[in-house]
């Protein structure tokens with residue numbers, strides 16, 4: 001028996017579209033799931049955008065006010081893909097209305113915001129999912145298992161990188177992403193949040209850190225109308241209020257050391273995301289742009305020990321739901337389909353699967369510590385959330 005689950009999407013920019021497409025693909029890749037998502041309504045304040053979404057994807061209704069969704073009995077689960085400054089208000093309201101939450105990272109502007117949404121969800125007894133999609137890559141899950149098995153020995157150090165050029169153009173519009181009040185942090189919340197989650201997913205809790213941040217494009221042109229994506233603008237210049245770049249030294253509770261570096265203005269870098277984990281007997285390497293490959297060095301040679309390539313296949317993660325054999329490429333959107341599946345599975349079984357609001361609180365706590373460290377110029381301890 002398959003039950004219908006009414007879902008809604010709040011905010012229909014790029015990520016709202018990705019969530020919607022992911023819901024639509026659930027029956028194709030996970031036909032055994034006991035819940036079938038039904039697109040009930042979409043909320044978007046930009047005139048005409050919700051109507052376009054309904055016409056393309058089949059939402060039964062539209063609204064410009066997300067509060068209508070909180071009051072809608074047809075909706076049991078909500079995707080929150082609105083700007084960061086709205087995450088807390090919308091997330092808490094939806095949880096209090098008894099809606100399950102799939103919310104994009106970083107879940108608000110601070111760890112306090114993330115914790116407020118997590119507490120509301122726990123109090124309401126609803127399930128949650130958070131958009132830490134890179135941990136869903138089958139190769140990343142294989143790396144985690146390899147590390148945990150001890151095949152590369154005791155982990156000594158890790159490097160996590162997230163370099164992008166999406167904000168590199170100096171004429172990029174001064175949107176909400178560059179404002180403290182609406183965007184909160186800059187590359188910390190946008191990219192380093194993924195890095196903090198990946199580091200913890202692979203190696204466990206971060207105990208302390210030392211961070212440095214910088215703004216390399218200090219002014220941008222204010223947009224003269226609605227902006228879509230990373231549009232160019234020629235209006236009056238205004239200040240960029242949050243960081244373009246962060247580098248951070250990490251000390252893990254295990255004793256391992258790490259480096260996390262993220263930048264949104266890296267010319268020549270297009271989604272250069274990945275990690276290198278070194279241990280006393282080997283190492284493991286992953287690059288998002290070659291998502292289905294995992295570089296592995298293991299053995300007893302130590303010096304001049306070679307690196308082999310594992311092409312992930314049906315034995316790793318959820319790969320088998322997409323392709324029958326190894327080395328057939330998966331893509332970014334597939335990771336979000338996995339995220340949607342685990343969200344719906346959590347609802348169906350009443351048990352969390354995948355990244356949850358608890359993981360968002362952990363990541364946000366690390367980000368807050370990075371901000372404090374960058375301001376003070378010193379090492380700071382990372383409080384492990386209860």
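In this note's numbering, the protein residues as written are 1 to 386. The beta carbon of each residue, even a glycine, is placed where N, CA and C say it ideally should be.
inquiry  = Below 8 Å on the Cβ atoms is my contact criterion, and I expect residue 381 with residue 207 to pass it. Report the Cβ-Cβ distance as a whole number of Å.
reply    = 7 Å
ask   = Going by Cα to Cα distance, which pick from 171, 136, 62 is closest to residue 387?
value = The structure shown has nothing for residue 387, since the chain only spans 1 to 386.
ask   = Hey, residue 63 and residue 69 are a contact pair by Cβ (cut 8 Å); roughly how many whole angstroms apart?
value = 7 Å
message = Quick check on residue 76: buried or exposed, where buried means 16 or more other Cβ atoms within 10 Å of its Cβ?
response = buried
key: Rounded separation between residue 227 and residue 175 - CA only   = Below a pLDDT of 50, predicted positions are generally treated as unreliable, and residue 227, at 49, falls in that range; the measurement from the model is reported next regardless. Straight-line Cα distance between these residues: approximately 8 Å.
task = Work out the CA separation of residue 374 and residue 263 for me, nearest whole Å.
result = 15 Å
key: When 278, 294, 307, 358 are compared against residue 154, the one with the closest alpha-carbon   = 278
inquiry  = Determine whether the beta carbon atoms of residue 344 and residue 33 lie at a separation below 8 Å.
reply    = yes
query = Is residue 227 helix, strand or coil when you go by DSSP?
reply = Since pLDDT at residue 227 reaches only 49, below the 50 mark, its modelled position is unreliable, and the value read off the structure follows with that caveat. The answer is coil: DSSP assigns residue 227 none of H, G, I, E or B.
task = Please work out which residues of its chain come closer than 8 Å, Cβ to Cβ, to residue 308, disregarding the five sequence neighbours upstream and downstream, and give them in chain order.
result = 295, 296, 297
message = Going residue by residue through the segment 229-293, where are the continuous beta strand (DSSP E) segments of at least 3 residues, counting only ones entirely within it?
response = 237-239, 245-252, 257-263, 272-279, 283-287
request  = Report yes if the CB atom of residue 198 is closer than 8 Å to the CB atom of residue 134, and no otherwise.
outcome  = yes
query = Under the rule that 16 or more other beta-carbon atoms within 10 Å means buried, what is residue 250, buried or exposed?
reply = buried
query = Among residues of its own chain, excluding the 5 on either side of residue 235, which ones have a beta-carbon nearer than 7 Å to its beta-carbon?
reply = 221, 222, 223, 224
request  = Could I get the ranges of all uninterrupted alpha helix (DSSP H) runs contained in the segment 143-221, with 4 residues as the minimum, in chain order?
outcome  = 180-183, 193-203
query = Going by Cα to Cα distance, which pick from 273, 350, 302, 256 is closest to residue 126?
reply = 350
task = Would you kindly check if the distance between the Cβ of residue 160 and the Cβ of residue 388 is under 8 Å?
result = Given a span of 1 to 386 for the chain in the structure shown, any question on residue 388 remains unanswerable.
ask   = Along the chain, where does the beta strand (DSSP E) that runs through residue 41 open and close?
value = 35-43
ask   = Quick one: is residue 213 buried, meaning 16 or more other Cβ sit within 10 Å of its Cβ, or exposed?
value = buried
request  = Would you kindly work out how many angstroms separate the C-alpha atoms of residue 286 and residue 66, rounded to a whole number?
outcome  = 39 Å
inquiry  = Suppose only complete runs of 4+ residues qualify. What are the alpha helix (DSSP H) ranges in the segment 104-140, listed by chain order?
reply    = 111-124
message = If you follow the alpha helix (DSSP H) that residue 332 is in, where does it begin and where does it stop?
response = 332-349
request  = Measure the C-alpha to C-alpha separation of residue 273 and residue 163 and round it to an integer number of angstroms.
outcome  = 6 Å
task = Count the other CB atoms, across all protein chains shown, that sit within 10 Å of the CB of residue 180; report buried if there are 16 or more and exposed otherwise.
result = exposed
query = Are the segment 10-25 and the segment 333-341 touching, with three or more C-beta to C-beta distances below 8 Å?
reply = yes
task = Measure the alpha-carbon distance for residue 149 versus residue 269 and round it to whole angstroms.
result = 33 Å
key: Proximity winner among 200, 89, 185, relative to residue 140 (alpha-carbon distances)   = 200
query = Buried or exposed: residue 232, going by 16 or more other Cβ atoms within 10 Å of its Cβ?
reply = exposed
query = Of all the options 72, 240, 202, 288, which has the alpha carbon lying nearest to the alpha carbon of residue 182?
reply = 240
message = Only counting the same chain, and skipping five residues up and downstream in sequence, which positions put a Cβ closer than 7 Å to that of residue 27?
response = 36
ask   = In terms of alpha-carbon separation, which member of 78, 108, 334, 9 lies closest to residue 25?
value = 334
inquiry  = Suppose contacts are defined by Cβ-Cβ distances below 8 Å. Is residue 387 in contact with residue 78 by that definition?
reply    = Nothing can be reported for residue 387, as the shown portion of the chain is limited to 1 through 386.
ask   = Going straight from the alpha carbon of residue 385 to that of residue 358, what length do you get?
value = 8 Å
inquiry  = DSSP has residue 311 in a bridge; who is on the other side?
reply    = 293
7 Å Cβ shell around residue 109 - same chain, five flanking residues per side excluded = 84, 85, 184
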